[in-house]
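Scroll down for the structure; my scribbles are underneath it.
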Amino acid sequence: MKKIPFDLDGYEISYGYARRTKIPIIKITHPRNGIPIRPFYSVNRANLLERIQYETGLKDQYLERINEHFQEINYP
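The sequence shown runs -16 to 59 under this note's numbering.
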């Protein structure tokens, strides 16, 4: 899994694909306690961004940067 290469208010967000099915997967690590939030899957970028916002409470500016990064690398 690869990490998103910029600051996200302390959160570490990793992305990759499930081994056999190649479905996109996201893993989020909490900034204060370092405990990862349960990984989640989706084939739709909009659903991934909604779930990231729900789990982290990040502002729209962070989500826009994440979306731009995903577009650059053609992730889901």
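Glycine included, every Cβ here is placed at the ideal spot set by N, Cα and C. Remember, predicted model here, so these are calculated numbers, not experimental data.
- [ ] Please go through the same chain and pick out, in chain order, the residues whose beta-carbon is closer than 7 Å to the beta-carbon of Glu38, but skip the five residues on each side of it.
- [x] Within the sequence shown, the letter at position 55 stands for residue 38. Within the same chain, Glu38 has close Cβ partners Ile11, Ile20.
Open item on the list: Per the DSSP calculation, Gly(-1) is bridged to which residue(s)?
Closed with: Within the sequence shown, the letter at position 16 stands for residue -1. Answer is Ile8, bridged to Gly(-1).
- [ ] Report the three-state DSSP secondary structure of Leu(-9) (helix, strand or coil).
- [x] The sequence position of residue -9 within the sequence shown is 8, counting from 1. Reduced to three states, the DSSP call for Leu(-9) is strand.
Open item on the list: Within 10 Å of its beta-carbon, does Pro7 have 16 or more other beta-carbons around it, so buried, or fewer, so exposed?
Closed with: Counting from 1 along the sequence shown, the entry for residue 7 is found at position 24. Here Pro7 is buried. Its C-beta has 16 or more other C-beta atoms within 10 Å.
Open item on the list: Going residue by residue through the segment 12 to 54, where are the continuous alpha helix (DSSP H) segments of at least 4 residues, counting only ones entirely within it?
Closed with: Within the segment 12 to 54, complete alpha helix (DSSP H) segments of at least 4 residues are found at 28 to 39, given in chain order.
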